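Each residue of the sequence shown is one higher than the one before, starting from 1144 at the first, in my numbering.
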Amino acid sequence: MLVTDESARGKTYYPDPVYTRLTAIQELVAENSEADLTQQATAIQADIESWKAEYDVESPRSLRASVTEDVSVEDAQQRLRIAADWESAQYQLSLLRDAIDHYETYTARPPASA
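In structure tokens form, the structure reads like this:
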């Protein structure tokens, strides 16, 4: 569950990204039907498309870079928040796509053995 990183400054522990990802996918599949997962993925994709259109950018990185343009402080802060939300949405969308693509495999039950 944890990965250890040793350096000259000592040991550092952080969550194992593979374990974290697989656990999240397992929860998605256990708590949602395939149709629910598809609906969630569609909603997230719509949010991403909306951000692309609203700010005329193709990525969170581009949106973050746009704060150096002639924008108000409030608008810059909003863009930074949306960039963070966008990155989170992309990760969530990747989980949903994996869950959808492999839904039958993840929900299959092996035959009982005697």
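Just so you know, even glycine gets a beta-carbon here, dropped at the ideal spot from N, CA and C.
The structure displayed is predicted, hence computed values, not measured ones.
Of the listed residues the options, nearest to residue i (C-alpha basis)
i	options	result
L1238	A1189, E1212, M1144, V1172	V1172
W1229	T1250, R1207, Y1249	R1207
D1159	E1217, L1145, G1153	L1145
L1292	Y1249, A1178, D1199	What is shown of the chain runs 1144 to 1257, which leaves residue 1292 out entirely.
A1226	D1218, R1204, T1147, D1213	R1204
Residue i - containing beta strand (DSSP E), residue span
i	result
E1125	The shown model of the chain, from 1144 to 1257, leaves out residue 1125, and the question about it has no answer.
T1155	1153–1158
Whole-number beta carbon distance between residue j and residue i, since they are thought to touch under 8 Å
i	j	result
I1168	D1241	6 Å
R1222	S1231	So it is not a contact: roughly 15 Å between Cβ atoms.
I1187	Q1235	6 Å
Continuous alpha helix (DSSP H) stretch holding residue i: start and end
i	result
A1251	Premise fails: A1251 is in no alpha helix (DSSP H) and is neither H nor E.
Practice task
Would you mind listing the alpha helix (DSSP H) stretches within the segment 1210–1236 that are 4+ residues and don't spill past its ends, in chain order?
Solution key: none
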